[in-house]
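Beneath this line is the structure, given in structure tokens, with notes to follow.
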Amino acid sequence: MTMPDAAEPRRTLSRPDPPRPTPLLRVHERLGATMTGFAGWQMPLRYRSETAEHQAVRRAAGLFDLSHMGEIAVTGPAAGAALDYAVTGRPSVIAPGRARYTMICAEDGGVLDDLIIYRLADEEFLVVANAANTPVVHEALAERAGGHDARVTDRTAEYALIAIQGPAAARILGPLTDIPLDGVKYYASHRARVSGHEVLLARTGYTGEDGFELFTSPADAEPVWTALTDAGSGDGLVPAGLAARDTLRLEAGMPLYGSELGPELTPFDAGLGRVVTFGKPGDFVGRAALQARAQAGPGRVLVGLVGGTRRVPRHGYAVLWDGQARGTVTSGAPSPTLGVPIAMAYVDPEVARLAPGDTPDGTLAIDIRGSAEPARLVDLPFYRRAD
Amino acid sequence: MSVPDELRYTAEHEWVAVNGTVASVGVTDYAQSSLGDVVYVSVPAAGTAVTAGEPCGEVESTKSVSDIYAPVDGEVIEANPEIEDDPGLVNSDPYGAGWLLRIRLADDEPLDGLLTAEQYAELIKEAE
């Protein structure tokens with residue numbers, strides 16, 4: 003058989019530099035992880051079975067090394083104003099200790115990255131960017147902060163990032179911290195200690211489950227990881243790699259930069275126009291283009307598809323309506339939770355408007371390597387947790 | 128990675144076990160490990176003629192899909208009936224219960240061009 007980048011996530015960006023290790027590389031090697039190059043970093047793809055890791059996160063908890071994510075600090079008296087100009091949302095009104103999901107766009111409205119912005123203090127924000135985009139985001143923020151009394155610093159190398167995700171996450175993490183987790187709301191962050199180590203503890207994630215992300219110093223990453231593993235193994239906590247992370251976020255209908263988001267797409271294309279705050283005072287980069295795009299109506303719509311056979315839709319495959327290509331799959335995988343192939347795809351608005359009853363087998367299909375495999379439209383997300 | 132001595136191999140990571148005029152075929156431990164969890168296997172039905180080096184099926188895993196190449200010329204006499212319901216057998220027992228096909232050999236010297244265990248072990252060492 004061919005081995006087409008089997009161990010390589012498809013949208014890896016190639017870079018000339020050798021991949022950077024995270025502070026947890028030795029831990030992954032000790033655990034026997036299958037490592038992969040991802041956005042310039044050496045990352046664990048899976049430890050044992052990615053399906054088992056996925057299911058552990060849905061049923062108990064998983065532990066992820068996300069130290070490849072970029073952390074960019076924006077500080078100073080005008081940090082909020084600088085960010086209001088730089089991104090689509092309005093970070094200046096985030097309360098200290100809270101966080102928001104937002105995007106940074108080019109002048110033409112194309113998405114440069116999707117971001118989580120944590121406000122740590124009145125004059126201190128932490129912008130978390132995708133690994134592959136961190137240099138671009140840092141550069142754009144620095145340029146857009148020009149003229150504001152604000153300072154933009156790439157602090158990626160100063161942080162390790164560990165996520166514990168799943169219904170058992172709070173139960174496992176709670177006894178190790180010095181703060182009550184009941185008081186940490188979704189999209190909130192607190193300075194805390196985890197088994198004695200200083201962390202920024204945030205209730206955020208990318209799996210569709212409750213969970214926490216812990217920003218630590220690189221030196222503390224291994225002891226924090228080990229403390230969580232020791233505390234959680236009885237509750238079914240397992241280490242989980244990038245392969246499980248991708249299927250978890252796909253089931254949860256969360257976009258991935260490079261698949262559902264990119265420089266040719268606006269937030270509106272992805273159905274995420276809510277991240278654009280036109281009502282904020284002052285200009286922001288991309289305002290005119292995004293305003294026009296918001297008024298024009300969608301040229302394409304992001305939808306969820308469920309495959310009717312066991313063959314799996316993959317990134318780039320054509321979506322067929324009455325035999326004609328009317329869209330493109332952006333992400334696809336066998337869903338461990340649903341037991342069927344699932345995909346997100348950009349399709350023509352006319353196709354997106356079809357009710358599920360309008361898509362009998364054979365009319366809506368996905369071209370899977372030359373064969374039209376039946377599919378049906380479903381609402382996103384594919385999976386929503388019960389609580 | 129397990130590379131049993133008694134089997135022959137292809138550079139495309141199939142293994143072949145010849146018993147008289149019948150070749151059993153599967154994918155190697157290295158292949159299943161690189162693929163990750165196998166979720167679907169498509170192989171030709173009994174009666175299908177296959178040609179060495181030509182694609183004759185595919186293996187879907189969580190992250191990728193790969194062609195299976197026929198390692199020998201011949202006619203498929205059986206596809207593993209267990210694989211449809213339990214494709215994970217390819218991961219858990221690639222040289223045993225995870226076999227894919229039995230092929231009646233068309234050729235008297237079918238092993239021409241196949242790799243020995245030693246050669247295959249060398250090949251995957253280079254790939255790593």
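Residue numbers (the numbering used here), protein chains in the order written: chain D, 3 to 389; chain U, 128 to 255.
Even glycine gets a Cβ: it sits at the ideal position worked out from N, Cα and C.
Since the structure is predicted, the reported quantities are computational estimates derived from the model, not experimental observations.
Same chain, Cβ closer than 6 Å to residue i, five either side skipped, listed in chain order
i, result
"residue 336 of chain D", "314, 343"
"residue 156 of chain U", "128, 129, 221"
"residue 10 of chain D", "Interpretation of residue 10 of chain D is limited by its pLDDT of 44, a score under 50 that renders its predicted location unreliable; the figure taken from the coordinates is listed afterwards. The answer, listed in chain order, is 38."
"residue 279 of chain D", "91, 92"
"residue 135 of chain U", "143, 238, 241"
"residue 295 of chain D", "111, 268, 270"
"residue 382 of chain D", "255, 306"
"residue 187 of chain D", "none"
Under the three-state DSSP convention, the category residue i falls into
i, result
"residue 103 of chain D", "strand"
"residue 292 of chain D", "helix"
"residue 213 of chain U", "coil"
"residue 96 of chain D", "coil"
"residue 157 of chain U", "helix"
"residue 49 of chain D", "coil"
"residue 155 of chain D", "strand"
"residue 26 of chain D", "coil"
"residue 200 of chain D", "strand"
"residue 181 of chain D", "coil"
"residue 171 of chain D", "helix"
"residue 221 of chain U", "coil"
"residue 195 of chain D", "strand"
"residue 239 of chain U", "coil"
"residue 110 of chain D", "coil"
"residue 283 of chain D", "coil"
Beta-carbon separation (whole angstroms), residue i vs residue j, contact threshold 8 Å
i, j, result
"residue 173 of chain U", "residue 250 of chain U", "31 Å between Cβ atoms; not a contact."
"residue 309 of chain U", "residue 164 of chain U", "The displayed coordinates of chain U run from 128 to 255. Any statement about residue 309 of chain U would go beyond what the structure contains."
"residue 105 of chain D", "residue 130 of chain D", "At roughly 13 Å, the Cβ-Cβ gap does not stay under 8 Å, so residue 105 of chain D and residue 130 of chain D are not in contact."
"residue 60 of chain D", "residue 211 of chain D", "7 Å"
"residue 78 of chain D", "residue 152 of chain D", "4 Å"
"residue 287 of chain D", "residue 107 of chain D", "6 Å"
"residue 394 of chain D", "residue 375 of chain D", "Nothing about residue 394 of chain D can be reported from this structure: the residues present for chain D run from 3 to 389 only."
"residue 244 of chain U", "residue 132 of chain U", "5 Å"
"residue 170 of chain U", "residue 227 of chain U", "5 Å"
7 Å CB neighbourhood of residue i in its chain, flanking five on each side removed
i, result
"residue 384 of chain D", "253, 255, 306, 337, 340, 344"
"residue 206 of chain D", "101, 118, 189, 215"
"residue 243 of chain D", "35, 46, 47, 48, 49, 52, 55"
"residue 162 of chain U", "186, 188, 191, 193"
"residue 332 of chain D", "261, 262, 317, 346, 347, 348"
"residue 21 of chain D", "39, 42, 43, 44"
"residue 259 of chain D", "115, 116, 132, 135"
"residue 291 of chain D", "109, 110, 111"
"residue 229 of chain D", "178, 196, 197"
"residue 160 of chain U", "128"
"residue 70 of chain D", "24, 40, 41, 43, 45, 133"
"residue 113 of chain D", "105, 107, 263, 264, 265, 267, 268, 269"
Contacting residues, own chain, Cβ-Cβ under 8 Å from residue i (five flanking each side not counted)
i, result
"residue 148 of chain U", "231, 232"
"residue 209 of chain U", "216, 224"
"residue 175 of chain U", "183, 202, 203"
"residue 377 of chain D", "307, 308, 309, 310, 315, 321, 345, 361, 366, 367, 368"
Cβ contact check for the stretch 25-34 of chain D and the stretch 126-135 of chain D: 3 or more pairs under 8 Å: No contact exists between the stretch 25-34 of chain D and the stretch 126-135 of chain D.
Meets three-Cβ-pair contact criterion under 8 Å: the stretch 171-179 of chain D and the stretch 149-162 of chain D: Counting Cβ pairs under 8 Å, fewer than three are found: no touch.
Residues in the stretch 151-173 of chain U having any Cβ partner in chain D nearer than 8 Å: So the list reads 154, 158, 160, 161, 162, 163, 164, 166, 167, 169, given in the order they occur along the chain.
Residues, ordered as in the chain, of the stretch 235-253 of chain D that lie near chain U by beta-carbon distance below 9 Å: Within the stretch 235-253 of chain D, the qualifying residues are 245, 246, 248, 249.
Residues within the stretch 189-223 of chain U neighbouring chain D, beta-carbon criterion of under 8 Å: Along the stretch 189-223 of chain U, the positions whose C-beta sits under 8 Å from a C-beta of chain D are 189, 190, 191, 192, 193, 194, 195, 196, 218, read in chain order.
Contact between the stretch 118-128 of chain D and the stretch 63-70 of chain D (3+ Cβ pairs under 8 Å): Touching, no.
Cβ contact (3+ pairs, closer than 8 Å) linking the stretch 168-177 of chain D and the stretch 223-243 of chain D: Counting Cβ pairs under 8 Å, three or more are found: they touch.
Selection of the stretch 286-317 of chain D by Cβ proximity to chain U, strictly under 9 Å: Listed by position, the residues of the stretch 286-317 of chain D near chain U (Cβ gap below 9 Å) are 311, 312, 313, 314, 316.
Residues, ordered as in the chain, of the stretch 41-59 of chain D that lie near chain U by beta-carbon distance below 9 Å: Cβ contacts with chain U come from 47, 48, 51, 52, 53, 54, 56.
Contact list for the stretch 336-352 of chain D against chain U, Cβ threshold 7 Å: Answer set for the stretch 336-352 of chain D: 336.
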